[in-house]
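Engineer:
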Amino acid sequence: MKLNFKEILSNIGYYILAGIFFLGFFILYAGVGGRNRDGNITFIWIGLLVLLPFGIWFLIEKIKDKKIKKQLILKRKELIRTGEKIVIDLDNVEIKSNSWNQEFIIGAGEHQRIEHRDINYNYIELKIPYGRQKIKYNLHIDMELTKLKMHFAIKEKTYLYVDPSDINNNYLDLSFLEYNE
Numbered sequence: 274m275k276l277n278f279k280e281i282l283s284n285i286g287y288y289i290l291a292g293i294f295f296l297g298f299f300i301l302y303a304g305v306g307g308r309n310r311d312g313n314i315t316f317i318w319i320g321l322l323v324l325l326p327f328g329i330w331f332l333i334e335k336i337k338d339k340k341i342k343k344q345l346i347l348k349r350k351e352l353i354r355t356g357e358k359i360v361i362d363l364d365n366v367e368i369k370s371n372s373w374n375q376e377f378i379i380g381a382g383e384h385q386r387i388e389h390r391d392i393n394y395n396y397i398e399l400k401i402p403y404g405r406q407k408i409k410y411n412l413h414i415d416m417e418l419t420k421l422k423m424h425f426a427i428k429e430k431t432y433l434y435v436d437p438s439d440i441n442n443n444y445l446d447l448s449f450l451e452y453n454e
């Protein structure tokens, strides 16, 4: 694996920024004080000043993420409005399922406990004919198999929206599966 000069500088920059972040955090922590110690307001202000750029950067990234999500939603709505609508019969969809119960160790020492969580791995592969081509969809749905089959049985059909000028620009409407736990 060969790294170029830009990647090396970028990696070094990330490590420097991470170091500055942790330095600011520790200065702030030292200023707050702890058991049997008084706080130091100077250290608190220095720690906050070091951490301020990271807070601003985090806020800017959140705003960018919201804009990108909003643009994706608008693109999806435009595709639904203008795209070609193909009916997908959910009764004929084959679901390959693999579910298991996994143990997770939570905590440490005498406060350690074991939790069991159900992992549901459902795989759906669709090959939808469109003109002379086929649009392939591979879906991984984390939902109990019985529940997923019930959702498909209730809904019966859904739609694939395809941009006629670019079949790679498509949207399969599975919104009925979201937030139904």
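Taking the working numbering, the leading residue of the sequence shown gets 274, the next gets one more, and so forth.
For glycine and all other residues, C-beta sits at the position ideal for the given N, C-alpha and C.
The structure presented is a predicted model; accordingly, all values stated were derived computationally and were not measured.
1) May I ask which residues mark the beginning and end of the alpha helix (DSSP H) holding histidine 424?
2) If the criterion is Cβ atoms closer than 8 Å, does the pair isoleucine 379 and tyrosine 403 meet it?
3) Just checking, does the region 388-408 make contact with the region 433-452 on the three C-beta pairs under 8 Å criterion?
4) Measuring only the C-alpha atoms, how far is glycine 292 from glycine 286?
5) Once you ignore the five residues that flank glutamine 375 on each side, which residues in its own chain have a CB closer than 6 Å to its CB?
6) Could you check the C-alpha separation between leucine 290 and aspartate 364 for me, to the nearest Å?
7) Count the other CB atoms within 10 Å of the CB of leucine 282; is the residue buried (16 or more) or exposed (fewer)?
8) Suppose you measure from the CA of lysine 369 to the CA of leucine 345; what does that come to, to the nearest Å?
9) Measure the alpha-carbon distance for leucine 450 versus isoleucine 359 and round it to whole angstroms.
10) Out of Asn284, Phe316, Gln385, Leu347, state which residue places its alpha-carbon closest to the alpha-carbon of phenylalanine 299.
11) Assuming histidine 413 and tyrosine 394 are in contact, meaning their beta carbons sit under 8 Å apart, how far apart are those beta carbons, in whole angstroms?
12) Give me, in chain order, the residues of the same chain whose beta-carbon lies closer than 6 Å to that of isoleucine 444; leave out the 5 immediate sequence neighbours on both sides.
13) Looking only at its own chain, which residues have a Cβ that is under 6 Å from the Cβ of glutamate 388, when we skip the five neighbours before and after it?
14) Quick check on the DSSP output: the beta strand (DSSP E) that includes leucine 412 runs from which residue to which?
15) Here's a check: name, in chain order, each residue in its chain whose Cβ is nearer than 6 Å to the Cβ of isoleucine 399, leaving out the five neighbours to either side.
Structural biologist: Working from what's here:
1) Here the alpha helix (DSSP H) through histidine 424 covers 418-428.
2) In this structure, tyrosine 403 does not lie closer than 8 Å to isoleucine 379 by Cβ.
3) Output reads yes: the region 433-452 touches the region 388-408.
4) Each residue's Cα considered, the two are about 10 Å apart.
5) Arg390, Ile392, listed in sequence order.
6) Straight-line spacing of the CA atoms in leucine 290 and aspartate 364 works out to 53 Å.
7) Result: exposed.
8) If you take the alpha carbons of lysine 369 and leucine 345, they lie about 29 Å apart.
9) Distance from the CA of leucine 450 to the CA of isoleucine 359, rounded to the nearest whole angstrom, comes to 19 Å.
10) If we check each option's Cα against that of phenylalanine 299, Phe316 comes out closest.
11) Cβ-Cβ separation between histidine 413 and tyrosine 394: approximately 7 Å, consistent with a contact (criterion under 8 Å).
12) It should be pointed out that residue 444 corresponds to tyrosine in this sequence rather than to isoleucine. If you ignore the 5 residues before and after tyrosine 444, its C-beta comes within less than 6 Å of the C-beta of Arg349, Leu352, Tyr434, all in its own chain and listed in chain order.
13) Excluding positions up to five away in sequence, the list reads Phe377, Ile379.
14) Start and end: 406-414.
15) Checking the sequence shown, residue 399 turns out to be leucine, not isoleucine. The residues Tyr410, in chain order, have a CB closer than 6 Å to that of leucine 399 in the same chain once the five nearest residues on each side in sequence are set aside.
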